[in-house]
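The structure under discussion appears below in the form of structure tokens.
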Amino acid sequence: MIKKFDKKDEESGSGSNPFQHLEKSAVLQEARIFNETPINPRRCLHILTKIIYLLNQGEHFGTTEATEAFFAMTRLFQSNDQTLRRMCYLTIKEMANISEDVIIVTSSLTKDMTGKEDVYRGPAIRALCRITDTTMLQAIERYMKQAIVDKVPSVSSSALVSSLHMVKMSFDVVKRWVNEAQEAASSDNIMVQYHALGLLYHLRKNDRLAVTKMLNKFTKSGLKSPFAYCMMIRIASKLLEETEGGHDSPLFDFIESCLRNKHEMVVYEAASAIVHMPNCTARELAPAVSVLQLFCSSPKAALRYAAVRTLNKVAMKHPSAVTACNLDLENLITDSNRSIATLAITTLLKTGSESSVDRLMKQISSFVSEISDEFKVVVVQAISALCQKYPRKHSVMMNFLSNMLRDDGGFEYKRAIVDCIISIIEENPESKETGLAHLCEFIEDCEHTVLATKILHLLGKEGPRTPTPSKYIRFIFNRVVLESEAVRAAAVSALAKFGAQNDDLLPSVLVLMQRCMMDSDDEVRDRATFYMNVLQQKQKALNAAYIFNAHVSEQWLLNGLLAGLSVSVPGLEKSLHQYTLEPSEKPFDMKTVPLATAPITEQKTEIAPVATSKLPEKLAPSRQDIYQEQLAAIPEFQGLGPLFKSSEPVQLTEAETEYVVRCIKHTFANHMIFQFDCTNTLNDQLLQRVLVQMEPSEAYEVLHYVPAPSLPYSQPGSCYSLVRLPEDDPTAVSCTFSCTMKYLVRDCDPNTGEPDDDGYDDEYVLEDLEVTVADHIQKVLKPNFGAAWEEIGDEFEKEETFALATVRTLDEAVNNIITFLGMQPCERSDKVPENKNSHVLFLAGVFRGGHDVLVRARLALADGVTMQVTVRSTDENVVDVILASVG
Numbered sequence: 000m001i002k003k004f005d006k007k008d009e010e011s012g013s014g015s016n017p018f019q020h021l022e023k024s025a026v027l028q029e030a031r032i033f034n035e036t037p038i039n040p041r042r043c044l045h046i047l048t049k050i051i052y053l054l055n056q057g058e059h060f061g062t063t064e065a066t067e068a069f070f071a072m073t074r075l076f077q078s079n080d081q082t083l084r085r086m087c088y089l090t091i092k093e094m095a096n097i098s099e100d101v102i103i104v105t106s107s108l109t110k111d112m113t114g115k116e117d118v119y120r121g122p123a124i125r126a127l128c129r130i131t132d133t134t135m136l137q138a139i140e141r142y143m144k145q146a147i148v149d150k151v152p153s154v155s156s157s158a159l160v161s162s163l164h165m166v167k168m169s170f171d172v173v174k175r176w177v178n179e180a181q182e183a184a185s186s187d188n189i190m191v192q193y194h195a196l197g198l199l200y201h202l203r204k205n206d207r208l209a210v211t212k213m214l215n216k217f218t219k220s221g222l223k224s225p226f227a228y229c230m231m232i233r234i235a236s237k238l239l240e241e242t243e244g245g246h247d248s249p250l251f252d253f254i255e256s257c258l259r260n261k262h263e264m265v266v267y268e269a270a271s272a273i274v275h276m277p278n279c280t281a282r283e284l285a286p287a288v289s290v291l292q293l294f295c296s297s298p299k300a301a302l303r304y305a306a307v308r309t310l311n312k313v314a315m316k317h318p319s320a321v322t323a324c325n326l327d328l329e330n331l332i333t334d335s336n337r338s339i340a341t342l343a344i345t346t347l348l349k350t351g352s353e354s355s356v357d358r359l360m361k362q363i364s365s366f367v368s369e370i371s372d373e374f375k376v377v378v379v380q381a382i383s384a385l386c387q388k389y390p391r392k393h394s395v396m397m398n399f400l401s402n403m404l405r406d407d408g409g410f411e412y413k414r415a416i417v418d419c420i421i422s423i424i425e426e427n428p429e430s431k432e433t434g435l436a437h438l439c440e441f442i443e444d445c446e447h448t449v450l451a452t453k454i455l456h457l458l459g460k461e462g463p464r465t466p467t468p469s470k471y472i473r474f475i476f477n478r479v480v481l482e483s484e485a486v487r488a489a490a491v492s493a494l495a496k497f498g499a500q501n502d503d504l505l506p507s508v509l510v511l512m513q514r515c516m517m518d519s520d521d522e523v524r525d526r527a528t529f530y531m532n533v534l535q536q537k538q539k540a541l542n543a544a545y546i547f548n549a550h551v552s553e554q555w556l557l558n559g560l561l562a563g564l565s566v567s568v569p570g571l572e573k574s575l576h577q578y579t580l581e582p583s584e585k586p587f588d589m590k591t592v593p594l595a596t597a598p599i600t601e602q603k604t605e606i607a608p609v610a611t612s613k614l615p616e617k618l619a620p621s622r623q624d625i626y627q628e629q630l631a632a633i634p635e636f637q638g639l640g641p642l643f644k645s646s647e648p649v650q651l652t653e654a655e656t657e658y659v660v661r662c663i664k665h666t667f668a669n670h671m672i673f674q675f676d677c678t679n680t681l682n683d684q685l686l687q688r689v690l691v692q693m694e695p696s697e698a699y700e701v702l703h704y705v706p707a708p709s710l711p712y713s714q715p716g717s718c719y720s721l722v723r724l725p726e727d728d729p730t731a732v733s734c735t736f737s738c739t740m741k742y743l744v745r746d747c748d749p750n751t752g753e754p755d756d757d758g759y760d761d762e763y764v765l766e767d768l769e770v771t772v773a774d775h776i777q778k779v780l781k782p783n784f785g786a787a788w789e790e791i792g793d794e795f796e797k798e799e800t801f802a803l804a805t806v807r808t809l810d811e812a813v814n815n816i817i818t819f820l821g822m823q824p825c826e827r828s829d830k831v832p833e834n835k836n837s838h839v840l841f842l843a844g845v846f847r848g849g850h851d852v853l854v855r856a857r858l859a860l861a862d863g864v865t866m867q868v869t870v871r872s873t874d875e876n877v878v879d880v881i882l883a884s885v886g
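Using numbering that gives the first Met the number 0, the first residue of the sequence shown is number 0, and each one after it goes up by one.
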């Protein structure tokens, strides 16, 4: 119903949505008009529209309300108004799930479905199929078969689409309509052909041979519908992926032949399918890229967008394949559609050569000012990727990014630029001073607290190591004078790092710290007082522990107690509570506290700047805290001490086997618990007293098994094995266990789940389970590795040289070492610069028992990779363990 508004109404914005303030009760009251005689089609139509609007807005209709409205609506079938009748069909579909006895209109719908009015037949079929259940489906089967092959395209399509929905409800009945669907597939109407193909595929999709035959039939006979061709291409792509068919397959030939189809949508679908195929070489991509290149110059914006978006994806894996399109992409930089222009820019940044970087930056500079922040962020991310590809061009890109920083923009845009500059600094040491200078300039006018504190943290980390660290002090202290409390607190922490690392600057830093101790904010004063006292001691060990490598938690920001600790806060709370319950003359030992399990990445080590006036919310328990609680509840595992580490799950069976078993390794100071999560996938068996018997290859001793009492079908259960670690030989940390699952089987009825009274013992051999040195080490990040190295000292230092014969690249060597030892790489040493023949890897961790361990591995590339490993720890046995494991 159309309501006329005058100009004044339009300007005020009133009437933009005539249904905006509808109330359900008022609409249901209005629905009583359905019972009036004669029927007023115009008013009834308006009320039905309101009901559908409320349903689509998520308004809840009670069953009684919906049923009453529905029964009133059935009287509208007496009207011959076409629009009202079709609105009735639509309302029936919407109310089918909430009204009772909707099936009462079946006879009316069946009459319309088989009547002479074509305009009623299609919608009636769709409504009837929506309310039909499995018991009534056979009653309308004859009508559905006739409708599928009907000469009226709208009726045939409605029947086919409805059949597709009913496949989920009664596959066997719908499968009997295959002959009619095949007849419809030869229709001249493009939508009927498309819907018929869709139904045939869904009836056969679980039978790969039948799908292949169907594809062969239609590829030979040809199709008129471009929609059907697109579906065929998708089916062929899926088959190729499932069968791992090569590019010499007839299916691939079919997809490639579709690149020459007269319909643009088919051509694009074929090109997109080829582009997304795994293991495609640049030569095999060439035909698809050529087609997309032609689309780049299409007058249709949709085709240009599709082409450049797909080329952008190709450029991620095969930039060389897209290089031929660079000229066309450059023409799109000035496209009136900003989405197309942005994609063209980012694609060029991925495919451009080193020599074209300068020209690209000039082209982008005029373009960037015209686009929104959302698109600018995409461009910045592409520049970041380009800088990793061509590190020698960092100065050009750094200048471009610094100019972007000066422009107006929101937080996300500025953050993207800052992150990009920081990543360039970390990847290219020679760009450090330039990048820090740009960031110092930016924080003078930065209005975003998060970015200011992030940059201050970076200045504290990198500034003291530059040739002239004093030039950054002014920028940092300006923040103490001019900024908010959070930024001032971060500036104090940054200043402390300059004083700790540069003896020449220490007197000046101490003077500034004294001024900070007079700050109006207690957080700033507390930090200044704390750092002042540490710096005055002039001890490297104290500086390393409390300034360089302090993992400052949210709790420390409030009370200053946990600096330097990487422990689990809930675990510390429990350990302290336990200590107070059992009074002892022995002092509380921090080594009894479980470590924080979340691996700390270098990018997230900045000191949290926000000083809050209220206590933080209760910390959510970590995965390890949950395991600690679960294991402590089992009587057999009492007295093992704190849980040191829990591994990621290790699969001990294939995914498709009758029993699925995975293992989680829990490491304690002197023991290990193996948790076996088992799932029984057989619905005709009940397993009882399930345990996994373990046979160790080394001096490990299995102490106790805790079986899972029962393992019903598809319900996971856990059993446990307790193992003592070798005491005589502390270096024997690696071991292989042969595992066999043993259980009592009771056969049961698959339908009821009732088991037999008698059972029999059985066993199932699992994959071997390995314990490695990584299971005994927890990752701990040391942001300043050099300071941590000096702090531990060389009392227990040992060094050995190894030849890694099977490793061919430094990258591979670094990844293998990190994975094998399970330690945390520090100072981005896991990133190997390109074209380098040597590299130094820094690793940090804590060995079970609470012993810090640091590894410095010098790698040299010759015929293979030679590695000189130096290990330092607070315990000599730990050093021996690491070297014995590597050897």
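No residue lacks a Cβ here, since even glycine has one placed at the ideal position from N, Cα and C. Source: prediction; values computed, not measured.
Of the candidates E522, A495, D503, A499, A495 places its Cα closest to the Cα of M512. For secondary structure counted as the alpha helix (DSSP H) over 4 or more consecutive residues, the stretch 196-273 holds these complete runs in sequence order: 207-220, 225-242, 249-256. Remark: C-beta atoms of V265 and T309 do not approach each other more closely than 7 Å. The straight-line gap separating the alpha-carbon atoms of L458 and F18 is approximately 57 Å. Counting only the Cα atoms, Q623 lies some 47 Å from M165. About 11 Å separates the beta carbon of R125 from that of D111, a gap too long to meet the 8 Å contact definition.
With 16 or more other CB atoms across the displayed protein chains lying within 10 angstroms of its CB, V813 is buried. A check of alpha carbon separations from A654 across S335, S709, N679 identifies N679 as the nearest. Straight through space, the alpha carbons of T242 and A235 are spaced by roughly 10 Å. Pairing V290 with A270, the inter-Cα distance amounts to about 7 Å.
P37 sits in coil when the DSSP states are folded into three classes, being neither helix nor strand. In this chain, R871 is not harboured by any alpha helix (DSSP H); it is covered by the beta strand (DSSP E) spanning 864-872. In this structure, N215 is the residue among K431, F841, N215 with its C-alpha nearest to the C-alpha of L238. Using a 10 angstroms sphere on the CB of Y530, the tally of other CB atoms reaches 16 or more, which defines it as buried. Around the beta carbon of I625, fewer than 16 other beta carbons lie within 10 angstroms, which makes this residue exposed. Here L575 is exposed: its Cβ has fewer than 16 other Cβ atoms, across all protein chains shown, within 10 Å.
D862 sits exposed, since fewer than 16 C-beta atoms from the chains shown fall within 10 Å of its C-beta. Excluding residues up to 5 positions away in sequence, L163, M230 lie with their Cβ nearer than 7 Å to the Cβ of G197 in the same chain. In this structure, S155 sits near V191, with a CB-CB distance shorter than 7 Å. With at least 16 other beta carbons inside 10 angstroms of its own, N427 counts as buried. Residue pairing by DSSP places M740 opposite V691, Y763 in a beta bridge. Between the stretch 777-785 and the stretch 678-695 there are fewer than three C-beta pairs closer than 8 Å, too few to call the two in contact. Partner residues in the beta bridge of N679, as assigned by DSSP, are Y658, Y712. By the CB criterion at 7 Å, A158 and A146 fall inside the cutoff.
When DSSP states are grouped into helix, strand and coil, H703 belongs to the strand group. Excluding sequence positions up to five before and after N39, its CB lies within less than 8 Å of the CB of I32, all in the same chain and listed in chain order. The residue from S169, L199, H703, T528 with its alpha-carbon nearest to that of Q181 is L199.
Residue burial is scored here from C-beta neighbours: H838 has at least 16 other C-beta atoms within 10 angstroms and is therefore classed as buried. If one requires a minimum length of 3 residues, the beta strand (DSSP E) runs lying completely within the stretch 766-811 are 768-770, 776-778, 797-803, in chain order. The straight-line gap separating the alpha-carbon atoms of K797 and L342 is approximately 54 Å.
The continuous beta strand (DSSP E) containing R855 extends over residues 850-860. Per DSSP, G844 is one residue of the beta strand (DSSP E) stretching across 837-846. Between the alpha carbons of A787 and K539 lies a distance of about 9 Å. If you look at R487, you'll find it in the alpha helix (DSSP H) that goes 484-500.
DSSP, read as helix, strand or coil, puts L721 in strand. In the pairwise beta carbon analysis, the stretch 52-62 is classified as touching the stretch 93-102: at least three pairs are separated by under 8 Å.
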